[in-house]
Amino acid sequence: MTELTELNQATATKIATLPDAQTVTEVRHWSDRLFSFRVTRPRSLRFRSGEFVMIGLLGDNGKPLLRAYSIASPSWDEELEFYSIKVPDGPLTSRLQHIQPGDEIILRPKPVGTLVHDALLPGKRIWFFATGTGFAPFASLLRDPETYENYDEVIITHTCRTVAGLEYGRQLIEKLEEDPLIGEMVAGKLRYYPTTTREDSPHMGRITTLLKDGTVFRDLGIDPISPETDRAMVCGSLNFNRDLKELLESYGLREGANSEPREYVVEKAFVG
Ligand SMILES: Cc1cc2nc3c(=O)[nH]c(=O)nc-3n(C[C@H](O)[C@H](O)[C@H](O)COP(=O)(O)OP(=O)(O)OC[C@H]3O[C@@H](n4cnc5c(N)ncnc54)[C@H](O)[C@@H]3O)c2cc1C
Ligand SMILES: NC(=O)c1ccc[n+]([C@@H]2O[C@H](COP(=O)([O-])OP(=O)(O)OC[C@H]3O[C@@H](n4cnc5c(N)ncnc54)[C@H](OP(=O)(O)O)[C@@H]3O)[C@@H](O)[C@H]2O)c1
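Just so you know, full-length UniProt numbering puts 34 at position 34 of the sequence shown, and the rest follows in order with no gaps.
This is the structure we're talking about:
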């Protein structure tokens with residue numbers, strides 16, 4: 001038995017005594033910085049696609065070490081999926097990246113968040129703007145029938161430093177049209193606009209720059225963003241969110257919330 005497996009089993013045994021333990025069913029590593037995993041879903045857990053929960057492991061002090069995570073699976077899925085960074089010295093992810101099927105994690109079943117359809121007024125076209133792991137809430141929303149029922153056109157932009165950073169999203173989107181539940185709804189409605197900033201790919205540059213100079217609209221052959229037709233959800237670093245908010249406001253869109261739906265909503269992908 002390897003040292004790591006022993007560690008996982010010891011952790012799992014300890015967590016099993018907690019009320020919020022869920023079992024890992026699948027783990028996929030996308031790069032040395034990114035992985036995704038699926039866990040069992042508490043039967044009582046209801047959430048709206050786009051929301052986040054607190055998940056984690058037991059800390060060395062025996063107390064739960066929890067972090068916010070967007071649920072990447074849609075609300076109808078029997079399991080829960082998460083898409084995660086691996087921060088080499090991160091208190092949680094330095095350990096979480098080693099989980100294996102059969103291990104247990106802690107999941108607090110209290111979903112919250114602003115990246116939900118309820119926080120937007122009706123519109124014709126919806127934009128999902130993501131950087132890095134900020135793709136996670138959109139992995140949920142892109143698999144939700146409500147997204148395609150509510151809008152004529154769905155545009156997902158994902159900006160990463162490298163091509164490897166795009167891979168989880170690229171594969172998920174590629175499979176959408178074959179999905180038995182929403183495949184037919186997706187066909188002809190979904191536009192995917194991936195960009196990279198530090199490695200060559202078909203679309204290079206920050207999405208903010210490509211919006212400002214009109215490249216995105218030209219590439220997609222569409223009209224610029226307007227408050228009459230467009231709605232947007234944004235998820236990335238604090239700087240990305242700030243810059244995109246500024247841009248969306250310049251098009252005339254206003255920030256909404258659960259209690260006051262408007263034209264766009266924003267959520268942090270991480271702090272720092
Ligand atoms: C609302 C919300 C939703 C979130 N959803 C996700 C999610 O779906 N997937 C996910 O991987 N993380 C998500 N995070 C970040 C997550 O909560 C943790 O920060 C992350 O798991 C790292 O935990 P850690 O203890 O290893 O390091 P921390 O001590 O939490 O972070 C250390 C440093 O690593 C960097 N960092 C942390 N998270 C990220 C990230 N996701 N991408 C790039 N750099 C990062 C930051 O510079 C941070 O200061 C979310 C955060 C918030 C606030
Ligand atoms: N991703 C990696 O391979 C890598 C490797 C080692 C360490 N790290 C560390 O991990 C942390 C997070 O890295 P990350 O790559 O996940 O997230 P990130 O730094 O937020 O970058 C993700 C993508 O968003 C773009 N971006 C950042 N700020 C923006 C803004 N204000 N407007 C528009 N686009 C913006 C970046 O472009 P730019 O490239 O132009 O910034 C990049 O393409 C950082 O502290 C980093 O130092 C990352």
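Glycine included, every Cβ here is placed at the ideal spot set by N, Cα and C.
Since the model is a prediction, treat every value here as computed from it, not as a measurement.
Between the alpha carbons of D243 and L253, how many angstroms are there, rounded?
If you number the sequence shown from 1, residue 243 lands on position 243. If you number the sequence shown from 1, residue 253 lands on position 253. Roughly 14 angstroms separates the two Cα atoms.
To which residues of the same chain is T162 closer than 7 angstroms at the C-beta, ignoring the five residues directly before and after it?
Here residue 162 corresponds to residue number 162 of the sequence shown, with the count starting at 1. Taken in chain order, the residues that qualify are T196, R198 and E199.
Within this structure, are the beta carbons of C235 and G134 separated by less than 8 angstroms?
Within the sequence shown, residue 235 is the residue found at index 235, counting from 1. Within the sequence shown, residue 134 is the residue found at index 134, counting from 1. Taking 8 angstroms as the Cβ cut-off, C235 and G134 qualify as a contacting pair.
Select from N150, Y192, T23 and E177 the residue whose C-alpha is nearest the C-alpha of V186.
In the sequence shown, counting from the first residue as 1, residue 186 sits at position 186. By alpha-carbon distance to V186, the top candidate from N150, Y192, T23 and E177 is E177.
Are there any heavy atoms of ligand 2 lying less than 7 angstroms away from the beta-carbon of F240, as far as the coordinates show?
What you label residue 240 is simply residue 240 of the sequence shown in a count that begins at 1. Result yes, Cβ under 7 angstroms from ligand 2.
Pop quiz: R108 and E153 are said to be a contact at Cβ under 8 angstroms. What is the actual Cβ separation, rounded to whole angstroms?
Reading the sequence shown from its first residue, position 108 is the one you call residue 108. Reading the sequence shown from its first residue, position 153 is the one you call residue 153. Actually they do not touch by this definition, with Cβ atoms about 36 angstroms apart.
Under 7 angstroms from any heavy atom of ligand 2, does the C-beta of C235 make it?
Locating residue 235 in the sequence shown gives position 235, where the first residue counts as 1. Checking the Cβ of C235 against ligand 2 gives no.
Can you tell me the Cα-Cα spacing of G165 and W127, whole angstroms?
As a working mapping, residue 165 is identified with position 165 in the sequence shown. As a working mapping, residue 127 is identified with position 127 in the sequence shown. Cα to Cα, the separation comes out at about 20 angstroms.
Does the pairing of the region 92 to 110 with the region 19 to 37 give three or more beta-carbon distances under 8 angstroms?
yes
Which residue wins for smallest C-alpha separation from G205, given the options P74, P64, E260 and H158?
What you label residue 205 is simply residue 205 of the sequence shown in a count that begins at 1. Comparing Cα positions, the closest option is H158.
So is S73 buried or exposed if we call it buried at 16+ other beta carbons inside 10 Å?
Residue numbering aside, residue 73 sits at position 73 when the sequence shown is read from its first letter. S73 should be labelled buried.
With contact counted as at least three CB pairs below 8 angstroms, one residue from each stretch, are the region 72 to 92 and the region 215 to 225 in contact?
no
Looking at the secondary structure, which residues open and close the beta strand (DSSP E) in which P88 lies?
On the sequence shown, position 88 is the one that residue 88 refers to. Premise fails: P88 is in no beta strand (DSSP E) and is neither H nor E.
Is R108 near ligand 1 - that is, is its Cβ less than 7 angstroms away from at least one heavy atom of it?
Residue mapping note: residue 108 aligns to position 108 of the sequence shown, counting from 1. It does not: the Cβ of R108 is nowhere closer than 7 angstroms to a heavy atom of ligand 1.
Leaving out five residues on either side along the sequence, give the residues of the same chain with a beta carbon under 8 angstroms from the beta carbon of P180.
Along the sequence shown, one-based indexing puts residue 180 at 180. Excluding sequence neighbours, P180 sits near nothing in its chain.
Can you confirm whether V87, when its beta carbon is compared against all beta carbons of chain D, has any partner nearer than 8 angstroms?
Judged by its chain identifiers, the structure shown contains no chain D, having just a single protein chain.
Taking 7 angstroms as the line, does the beta carbon of I156 fall inside it for any heavy atom of ligand 2?
Numbered from 1 along the sequence shown, position 156 holds the residue referred to as residue 156. Outside the cutoff, so no.
Counting only the same chain and skipping the five closest in sequence on each side, list residues whose C-beta sits under 7 angstroms from that of T229.
Counting from 1 along the sequence shown, the entry for residue 229 is found at position 229. Counting only Cβ-Cβ distances below 7 angstroms, and skipping sequence neighbours, we find G123, K124 and R125.
Run through DSSP, which three-state label would E6 get?
Residue 6 sits at position 6 when you count from the first residue of the sequence shown. With a pLDDT of only 49 at E6, under 50, the local geometry of the prediction cannot be trusted, and the value read off the model is given with reservation. The answer is helix: DSSP assigns E6 an H, G or I state.
Going by the beta-carbon positions, is the gap between L211 and L172 smaller than 8 angstroms?
Stepping through the sequence shown from its first residue, residue 211 is reached at position 211. Stepping through the sequence shown from its first residue, residue 172 is reached at position 172. No, they are not a contact pair.
Measuring CA to CA, which of T114, G183, L58 and L120 is closest to F145?
On the sequence shown, residue 145 is found 145 positions in, with the first residue counted as 1. Correcting the residue identity first, residue 145 is Pro in this sequence and not Phe. When only C-alpha atoms are compared, the closest one is G183.
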